[in-house]
Amino acid sequence: MTSTPLIDAWQAALASEHQAFFGYGLLGPRLASAAERARARTMQQAHATLRDATQAALFATGQTPVAPLADYPALYPVSSPKAALDLAVRIETACSSAWRYLYSVAAVPGGDASVRTSAQQALIDSAVRATQWRLSAGVAASTVAFPGI
Amino acid sequence: MLGPPSARDRRVSRRAVLVGTAAVVLGAGGGVAAGELRRLHPHHSGIPAPADLVAALSAEWTLIARVEYAVARGSVAHGAVAAIRADHGAHADALVAALRDYAPAQVPTAPVQTAPASRLQLRAAESAAATRAAAAAARLDGRVAVLLASIAASEASHAEVLA
Numbered sequence: 002m003t004s005t006p007l008i009d010a011w012q013a014a015l016a017s018e019h020q021a022f023f024g025y026g027l028l029g030p031r032l033a034s035a036a037e038r039a040r041a042r043t044m045q046q047a048h049a050t051l052r053d054a055t056q057a058a059l060f061a062t063g064q065t066p067v068a069p070l071a072d073y074p075a076l077y078p079v080s081s082p083k084a085a086l087d088l089a090v091r092i093e094t095a096c097s098s099a100w101r102y103l104y105s106v107a108a109v110p111g112g113d114a115s116v117r118t119s120a121q122q123a124l125i126d127s128a129v130r131a132t133q134w135r136l137s138a139g140v141a142a143s144t145v146a147f148p149g150i
Numbered sequence: 027m028l029g030p031p032s033a034r035d036r037r038v039s040r041r042a043v044l045v046g047t048a049a050v051v052l053g054a055g056g057g058v059a060a061g062e063l064r065r066l067h068p069h070h071s072g073i074p075a076p077a078d079l080v081a082a083l084s085a086e087w088t089l090i091a092r093v094e095y096a097v098a099r100g101s102v103a104h105g106a107v108a109a110i111r112a113d114h115g116a117h118a119d120a121l122v123a124a125l126r127d128y129a130p131a132q133v134p135t136a137p138v139q140t141a142p143a144s145r146l147q148l149r150a151a152e153s154a155a156a157t158r159a160a161a162a163a164a165r166l167d168g169r170v171a172v173l174l175a176s177i178a179a180s181e182a183s184h185a186e187v188l189a
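Below is the structure:
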């Protein structure tokens, strides 16, 4: 498997999506309301869709996509509804960082425009989802000026 | 570089602000560029500033003006948009800093706000700004592209807050 800064960043973005999918399964049942649990399921599905698309794109360039880990100890414990909301924000923030980093690696003259487009959309989606969870948590500053940084 | 201002814009704002070798001081109350100019970075590259970067700064000033006008009119509560206003201030600061790497550029200041500014209209403005920033990022390379990509994500999240 070829390792380049772009491929490494792309694989890291995929790894963040694996973590997000796992994390939503962990936090979803801890959320307080049915609406929040439904939103968590929707977001988990969105991460699964992006994960699958990212794996396919990596395959198409001759790469072997990174596999999910068996467990993600850093995500535990999720012992309360508040902890679940906090974890959801952390998960989305991690995804934002990974996609923004991929964007930065791809944003070079002659860089892969399709990778940039995917990374931009994923960055936006994660930032919006993080905001939704901050709003649920009642955080006053529900947005950040520079998502992914 | 930038499209011509509308007739109303020309009436209410004929000023332009130099950035690049200049420091721009944001008006303390108005949030719109006050036009204090000072030489800070005399050793800029001399390369003309990308039009997309200049337009992005102008767009941030306009968004700040819209948010402040909406608060002043009572269309939205200050607390509801304080973080959004702060984000736009940070965006503007970052764009001014990025423009210092280039030759001085004329940046139109925000037109005086007179139109209705409901929560939904602010939301539409944020959503449109996110789309424009993402498109501008795609036309640029390097750190200014990444900056605009991140600003696009921030503004998309503003639209979510205003939903």
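Keeping their order, the protein sequence lines are chains R and Z.
To convert, take the position in the first sequence, counting from 1, and add 1; that gives my numbering.
To convert, take the position in the second sequence, counting from 1, and add 26; that gives my numbering.
Note that beta-carbon positions come from the ideal geometry of N, C-alpha and C, so glycine has one too.
Shown here, residue 67(R) sits in coil according to DSSP, grouped into three states, outside any helix or strand. The shortest C-alpha to C-alpha distance from residue 107(R) to any of 96(R), 97(R), 119(R) is the one to 119(R). Note on the stretch 95-135 of chain Z: whole beta strand (DSSP E) runs with a minimum of 3 residues are 131-134, in chain order. Taking 9 Å as the cut-off, the beta carbon of residue 112(Z) is found closer than this to the beta carbon of residue 142(R). Excluding residues up to 5 positions away in sequence, nothing lies with its Cβ nearer than 6 Å to the Cβ of residue 5(R) in the same chain. By the beta-carbon neighbour count (other beta carbons within 10 angstroms, threshold 16), residue 60(R) is exposed. Assignment of residue 98(R) by DSSP, reduced to helix, strand and coil, places it in the helix class.
Under the three-state reduction of DSSP output, residue 77(R) falls in the coil class, being neither helix nor strand. For residue 114(R), the nearest beta carbon of chain Z is closer than 9 Å to its own beta carbon. The distance from the Cβ of residue 176(Z) to that of residue 132(R) is about 14 Å, inconsistent with a contact at the 8 Å cut-off. Residue 134(R) and residue 31(R) have their C-alpha atoms some 14 Å from each other. Around the Cβ of residue 25(R), a 10 Å sphere holds 16 or more other Cβ atoms; the residue is buried.
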